Structures are given as structure tokens and as C-alpha cells.
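S.K.: Here it is: the structure, laid out below.
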Amino acid sequence: ETTQESQTTEQKETTAFATTTVNIRSSDSEQADKVGKIINGEKVTVLEQRANGWAKVLYDGTEGYVSMDYLQIAETVDESEILGQVTAETNLNVRSAPSETAEKIGIITGGDSVDLIEDVDGWCKIS
4 ETTQESQTTE QKETTAFATT TVNIRSSDSE QADKVGKIIN GEKVTVLEQR ANGWAKVLYD
64 GTEGYVSMDY LQIAETVDES EILGQVTAET NLNVRSAPSE TAEKIGIITG GDSVDLIEDV
124 DGWCKIS
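The working numbering applies: residue 4 is where the sequence shown begins, and numbers increase by one.
Structure below.
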């Protein structure tokens with residue numbers, strides 16, 4: 004018999020980005036009912052990561068489950084590393100590396116603010 008404890012690997016709330024458009028499910032199974040959808044590149048709150056490869060998420064007011072195969076956890080940063088906050092003037096792509104050809108892992112909506120970690124050669128590392 005499996006207990007809730009053995010299914011959960013981490014309950015610390017984190018941020019992730021959808022690596023493709025993916026369905027949110029009512030439970031941690033591909034056969035579970037669809038209760039929502041996360042658009043490719045959108046930011047999602049991961050409430051819990053399970054040992055079976057699924058995550059309990061909160062996205063746009065909808066709570067449900069998504070396979071971790073379709074999420075990329077955002078890097079955590081120590082507050083002492085933050086140089087300041089910047090606000091996007093327009094919608095911006097978040098990339099995995101400082102290159103226009105690097106994998107797109109998220110989107111910052113115009114008007115949203117993010118923490119600036121590093122600014123080198125016109126590329127900003129953000130949190």
C-alpha cells in the first residue's frame with residue numbers, strides 16, 4: 004500500500020515554466036479529467052512534486068496535476084545575488100542561455116517585474 008508520504012518527494016513551493024502547452028489534470032494520471040491548460044512558456048506555481056513524476060500545480064486560479072516532463076523548474080536564487088528589479092516594457096521571451104537560438108523556457112508579460120541577477124552584453128539573467 005502506498006502512502007501519501009512515499010508519493011511526495013518535495014512539498015516546497017517553487018516556480019516552473021511549461022516547456023510545451025500541457026493539460027492540467029484532476030489527479031496525477033494521464034487518464035484523469037482535464038481541468039485546465041498551461042500555455043507553452045507560461046509560469047506556474049509548483050505546490051508539490053511527487054515521486055511518480057507528477058507535480059501538483061496552481062496556474063491562473065486552477066489547481067491540478069501536470070507531468071514534470073512538461074515543466075522546467077526555475078532556478079532559486081539567494082537574495083544577496085539580486086541586483087535589483089527590472090520591468091519588461093513589452094512581452095519578452097525567457098531563454099535557457101544568453102542567445103536568441105537558446106531554448107525558449109518562458110515569457111515575461113509586458114509590465115511584469117522580475118529580479119535581476121546579472122547583466123552581461125545586453126542579456127539579463129533573471130529570477
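By construction, the Cβ of each residue, glycine as well, lies at the ideal position given by its N, Cα and C atoms. What you are looking at is a predicted structure, and each value in this text was computed from that prediction instead of being measured.
Which word fits G109, buried or exposed, when buried means at least 16 other C-beta atoms lie within 10 angstroms of its C-beta?
M.R.: So G109 ends up on the buried side.
S.K.: Taking I42 as part of the beta strand (DSSP E), name the residues at either end of that continuous run.
M.R.: Premise fails: I42 is in no beta strand (DSSP E) and is neither H nor E.
S.K.: What residue range does the beta strand (DSSP E) around K59 cover?
M.R.: Here the beta strand (DSSP E) through K59 covers 57 to 62.
S.K.: In angstroms with no decimal places, state the Cα-to-Cα distance between S30 and F20.
M.R.: Each residue's Cα considered, the two are about 20 Å apart.
S.K.: Is it right to say Q88 is buried, meaning 16 or more other beta carbons lie within 10 angstroms of its own, or is it exposed?
M.R.: Exposed, because fewer than 16 other Cβ atoms sit within 10 Å of the Cβ of Q88.
S.K.: From the DSSP output, in three-state form, read off D124 for me.
M.R.: Coil, per DSSP.
S.K.: Anyone know if the C-beta pair for I120 and E84 falls short of 8 Å?
M.R.: It is a contact, given that the beta carbons lie within the stated cut-off.
S.K.: Within the continuous beta strand (DSSP E) that includes E51, where are the two ends?
M.R.: Residues 46 to 53.
S.K.: Would you identify the three-state DSSP class for D81, choosing helix, strand or coil?
M.R.: Note: D81 maps to coil in three-state DSSP.
S.K.: Could you give the DSSP three-state label for D72: helix, strand or coil?
M.R.: D72: helix per DSSP, three-state reduction.
S.K.: On the DSSP letters alone, give me the boundaries of the beta strand (DSSP E) that G87 sits inside.
M.R.: Its beta strand (DSSP E) spans residues 87 to 90.
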